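**Student:** Numbering (our numbering), first residue to last: -5 to 724.
Mind looking over this structure? Questions follow.
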Amino acid sequence: MGVTNTGLSATEIAAIQTAVAAASPAPTDAAALQLIVDAAVTELAAETAAVLAAVTSAGNGTLTEAELTAAGVTNTGLSVAEIAAIQTAVAAASPAPTDAAALQLIVDAAVTELAAETAAVLAAVTSAGNGTLTEAELTTAGVTNTGLSATEIAASPAPTDAAALQLIVDAAVTELAAETTAVLAAVTSAGNGTLTEAELTAAGVTNTGLSVAEIAAIQTAVAAASPAPTDAAALQLIVDAAVSSMPITWNGTSNDWNDVSNWSTNTVPLATSNIVIPTGLTHYPTTSSALTVKSLTVESGASFIPQATVTGPVTFKRNLPAGNWHLVSSPVADATYEGIIANNTLAIGTGGNIGIGVYSNATGLPWDYATSAKTGTMPLGLGISIKLANIGDFSVTGIANISDVNQPITLGARTNFNLVGNPFMAYVNSKDFGLANRDLITEQTIWVWEGSEYVTYNATTPIEISPGQGFFVEAVADGDIIFAKSNQSHQASDTFKRESPRQSFELFVENEASKKSTKVFYIANKTTGFDNGYDSKMFGGVKASKLEVFTELITENKGNKLAIQSLPSTNMEAMVVPVGITAEAGKEVTFSVNAKNLPEGINIYLEDRVANTFTNISNKGYKVVLENAAKGTGQFYIHTTSKDLENVTIEQNLQDVSIYKSANNSVTITGLQSENASLNVYSMLGEKVISKQFKVTGVRVIELPKMAKGVYIVEVISNSKKITKKIILE
-5 MGVTNTGLSA
5 TEIAAIQTAV
15 AAASPAPTDA
25 AALQLIVDAA
35 VTELAAETAA
45 VLAAVTSAGN
55 GTLTEAELTA
65 AGVTNTGLSV
75 AEIAAIQTAV
85 AAASPAPTDA
95 AALQLIVDAA
105 VTELAAETAA
115 VLAAVTSAGN
125 GTLTEAELTT
135 AGVTNTGLSA
145 TEIAASPAPT
155 DAAALQLIVD
165 AAVTELAAET
175 TAVLAAVTSA
185 GNGTLTEAEL
195 TAAGVTNTGL
205 SVAEIAAIQT
215 AVAAASPAPT
225 DAAALQLIVD
235 AAVSSMPITW
245 NGTSNDWNDV
255 SNWSTNTVPL
265 ATSNIVIPTG
275 LTHYPTTSSA
285 LTVKSLTVES
295 GASFIPQATV
305 TGPVTFKRNL
315 PAGNWHLVSS
325 PVADATYEGI
335 IANNTLAIGT
345 GGNIGIGVYS
355 NATGLPWDYA
365 TSAKTGTMPL
375 GLGISIKLAN
385 IGDFSVTGIA
395 NISDVNQPIT
405 LGARTNFNLV
415 GNPFMAYVNS
425 KDFGLANRDL
435 ITEQTIWVWE
445 GSEYVTYNAT
455 TPIEISPGQG
465 FFVEAVADGD
475 IIFAKSNQSH
485 QASDTFKRES
495 PRQSFELFVE
505 NEASKKSTKV
515 FYIANKTTGF
525 DNGYDSKMFG
535 GVKASKLEVF
545 TELITENKGN
555 KLAIQSLPST
565 NMEAMVVPVG
575 ITAEAGKEVT
585 FSVNAKNLPE
595 GINIYLEDRV
605 ANTFTNISNK
615 GYKVVLENAA
625 KGTGQFYIHT
635 TSKDLENVTI
645 EQNLQDVSIY
655 KSANNSVTIT
665 GLQSENASLN
675 VYSMLGEKVI
685 SKQFKVTGVR
695 VIELPKMAKG
705 VYIVEVISNS
715 KKITKKIILE
């Protein structure tokens, strides 16, 4: 007809129709009709300001439900978001509606639009079109009310965009929040605030078989609801939410993850489960297929061997006493220093330092202490030192490691020791670790800090290295040591030491301040020289203690201070073991021994070549005041024999004497009893290059003149007896 006011609402058209019907005579052409339309629209436009003033608060442009009701709008129970959507629609109307009837149309249109937004969101935010919304899908859709139960999520019809979905979410949460006091009165005992399973059942709650702890957790959730739910349906939502968030605990009837009897709920955990693996069990889980978890926590003393990907955060805990430093490592990948600092209460030192120390074998001090500003990822296989402010668990969170781990070790300017650590949530055998890395480390030995001293472990005393345990190795060259995933096991408890019942003795020396020891084992097929994996020197990565005791090799002695020495199990009575100590002059020290499984009738004698005495220390200690500071061998020797050496004169056998190059221009001689001795050094052509007379009891260092590189023969003569040894000058 040529009428140009398009986009008219039903109300506007109805008003125009009324105006047309009221016109007399009725308009007969488009031009006349246009005048009627314009007049009607103009009349509507003129009615604008009054309604906006009437239904907004103090002219602030914000509609409230009370204002809508006062204006005659009948859609009550609108959420803040719905009212905001209506306000947007009102503002968009041109011209704006001027009365309640027109405004009602806008309200109806806005609400209808929300109700009509159905299929798209179901396709966009449901899993494989199965009509089930998940919390993750809500979050992806931009919905901010997380932690919703399945009942809350199941709105129908589903809205088609995040904004509309948010309105439904808000409505569901608001409905729960509004259900307040009745349930608390109906399902608690005598108003004492304690829910029982019977009361839950009576209230229509279907989650039966709840434990006391679970009911207590539900009660906490109910009490925390503000306002609390008022009927069984609402309470059921709280129960469901509380139960879904409760941890599922490993029972350990077997190692099979998929065995329902291994779980506290008698069901295999889901991807939404919070899982706890506790300590003190006989069996721990090993998995061969991929897992997804909401969270997984491995408690101190427990273990877990994943052989396939685990999706979800994994937290490992290790109980550490307060007041001491402990060597630790991360048994999970992607752990960060900032996470360690945030999740542990670390000791505070001077200058802003905290209880994290990183070891360095370069020049300078061995420990670099961190501050609270330290960031970055902690590499798998690296060891660090940790000191907690209070006794408790050291906690680290990351991703489960399922692969072999290669950790770099280096030669250093100060030492060649490197601090590494178990990168798995299960135990690693120290002997197998040493064998796997024998080409990269000087000896198949690890050194572990045990609260007050470094303890040496090798194949004579292999241990199961605990998850998260740090330890030292000594590099023979730069390279990557390997932690093989195949070298993992579960253990019944947090067992560090596992000694075999071998023939052995442990020699102790103590003063008023401390006590130290060294071990000697007698093992078939071992030698009096160096046996890799069975002879181990003391830890030398930090400053030495003021009191030390050690032994040296009977043959092939290079001056290494041994914490563990292994000797043949045969011919025990013919072997004399050099004993060295480090101690201050003028201080009394006491020697004692603890023997295990030695042959019947064998006693252990300590020979003091300065005092010229033998003491059977199998049954009593030997006390001595050192006239001079002790820093090596030469004064003390151990004899294992069935003879009574306290009443027998022993003629020295020069095979007990050790000769070795102690520096490139010196030779050390230990074990001589006679004061008078001589030394001759010959080239390989038989030319005598040095001859020297000297007096010694114990240790003597002979300085050599400057000589060409090569092999030389050292000859020592004492009491008409002679011993020779080859040395190499480099």
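Even for Gly, the Cβ is constructed at its ideal location relative to N, Cα and C.
Quick caveat: nothing in here was measured; it's all calculated off a predicted structure.
(1) Kindly indicate which residue of Pro300, Ser660, Arg694, Tyr706 has the alpha-carbon position closest to the one of Leu679.
(2) Around the C-beta of Leu285, are 16 or more other C-beta atoms found within 10 angstroms, so that it is buried, or is it exposed?
(3) If you reduce the DSSP assignment to three classes, tell me which class Leu382 lands in.
(4) Would you identify the three-state DSSP class for Gly535, choosing helix, strand or coil?
(5) Among all the DSSP beta bridges, which residues are the ones paired with Pro300?
(6) Just to confirm my understanding: we take Ser183, look at its own chain, exclude 5 residues before and 5 after, and list those with CB closer than 6 Å. What are they?
(7) Is it buried or exposed, Ala356, if we count other Cβ atoms within 10 angstroms and call 16 or more buried?
(8) For Ala624, does the three-state DSSP call read helix, strand or coil?
(9) Should Pro699 go down as buried or exposed, given a rule of 16 or more other Cβ atoms within 10 Å for buried?
(10) Measuring alpha carbon to alpha carbon, tell me which residue in Ser714, Val442, Val683, Phe688 is nearest Gly704.
(11) On a Cα-Cα basis, can you pick out the residue from Thr664, Tyr676, Asn659, Asn412 that is closest to Leu723?
(12) Evaluate the contact criterion for the region 568 to 580 versus the region 395 to 412: three or more CB pairs, one atom per stretch, below 8 Å.
(13) Let me know if Ser294 comes out buried or exposed under the rule of 16 or more other beta-carbons within 10 Å of its beta-carbon.
(14) Could you spell out where the beta strand (DSSP E) holding Ser498 opens and where it closes?
(15) Identify every residue that forms a DSSP beta bridge with Pro562.
(16) Does the contact criterion of 3 or more C-beta pairs under 8 Å hold for the region 620 to 640 versus the region 589 to 604?
(17) Does the region 309 to 327 come within contact of the region 460 to 469, defined as at least 3 CB pairs closer than 8 Å?
(18) Need the endpoints of the alpha helix (DSSP H) that Phe477 sits in, please.
(19) Of the residues Trp251, Gly358, Phe388, which one's Cα is nearest the Cα of Ala407?
(20) Assign Ala327 to one of three DSSP states: helix, strand, or coil.
(21) With burial defined as no fewer than 16 other Cβ atoms inside 10 Å of the residue's Cβ, what is the status of Ser150: buried or exposed?
(22) Compute the distance between the beta-carbons of Asn416 and Ile403, then report whether it is under 7 Å.
(23) To the nearest angstrom, how far is the alpha carbon of Asn347 from that of Ser297?
(24) Pick from Ala316, Lys381, Leu376: whose alpha carbon is nearest that of Ile733?
(25) In or out: Lys617 buried (at least 16 other Cβ within 10 Å) or exposed?
(26) With distances taken Cα to Cα, identify the nearest neighbour of Asn606 among Asn423, Tyr631, Ile575, Ala538.
(27) According to DSSP, which residues form a beta bridge with Gly543?
(28) Alpha carbon to alpha carbon, how far is Tyr331 from Glu437?
(29) Please tell me whether, using a cut-off of 6 Å, the distance from the CB of Phe515 to the nearest non-hydrogen atom of the ligand COA is below it.
(30) Classify Asn713 as helix, strand or coil using the three-state DSSP reduction.
(31) Quick one: is Asn519 near chain B, going by C-beta distance under 7 Å?
(32) Roughly how many whole angstroms lie between the Cα atoms of Asn588 and Val514?
(33) According to the Cβ coordinates, are Thr662 and Ser530 closer than 7 Å?
(34) Beta-carbon within less than 6 Å of Phe490's beta-carbon, same chain only, minus the 5 sequence neighbours each way: which residues are those?
(35) Which residues bound the beta strand (DSSP E) around Lys617?
(36) Taking the alpha-carbon positions, what's the Tyr654 to Phe466 distance?
**Tutor:** In short, the structure shows the following:
(1) Tyr706
(2) buried
(3) strand
(4) coil
(5) Thr281
(6) Confidence at Ser183 is low in this model, with a pLDDT of 44, below 50, so its placement is unreliable and the value that follows should be read with caution. Within its own chain, no residue has a Cβ closer than 6 Å to the Cβ of Ser183 once the five positions on either side in sequence are excluded.
(7) exposed
(8) In the structure shown, Ala624 sits in a strand (DSSP, three-state: E or B).
(9) Exposed, because fewer than 16 other Cβ atoms sit within 10 Å of the Cβ of Pro699.
(10) Val683
(11) Asn659
(12) no
(13) buried
(14) Segment 497 to 504, the beta strand (DSSP E) holding Ser498.
(15) Per DSSP, Ile517.
(16) Using a C-beta cut-off of 8 Å, the region 620 to 640 makes contact with the region 589 to 604, since at least three inter-stretch Cβ pairs fall below that distance.
(17) yes
(18) Where Phe477 is concerned, there is no enclosing alpha helix (DSSP H), although the beta strand (DSSP E) around it starts and stops at 473 to 477.
(19) Gly358
(20) strand
(21) Its pLDDT being 42, under 50, Ser150 is placed unreliably by the model, and nothing is read from it.
(22) Their beta carbons are not under 7 Å apart, which means Asn416 does not touch Ile403 by this criterion.
(23) Approximately 32 Å, taken between the alpha carbons.
(24) Given that the chain is displayed from residue -5 to residue 724, the structure contains no residue 733 and the question cannot be resolved.
(25) Classification for Lys617: exposed.
(26) Looking only at Asn423, Tyr631, Ile575, Ala538, the smallest Cα-Cα distance to Asn606 is reached by Tyr631.
(27) Sequence check: residue 543 is Val here, not Gly. Beta-bridge partners of Val543 (DSSP): Ile575.
(28) Distance between the alpha carbons of Tyr331 and Glu437: 31 Å.
(29) As presented, the structure is devoid of all ligands, the ligand COA included, so that no description of it is given.
(30) coil
(31) Looking for chain B here will not work: only one protein chain is present.
(32) So the two alpha carbons sit approximately 11 Å from each other.
(33) no
(34) Note on Phe490: pLDDT 45, under 50, position unreliable in the model; no value is reported.
(35) 616 to 619
(36) 27 Å
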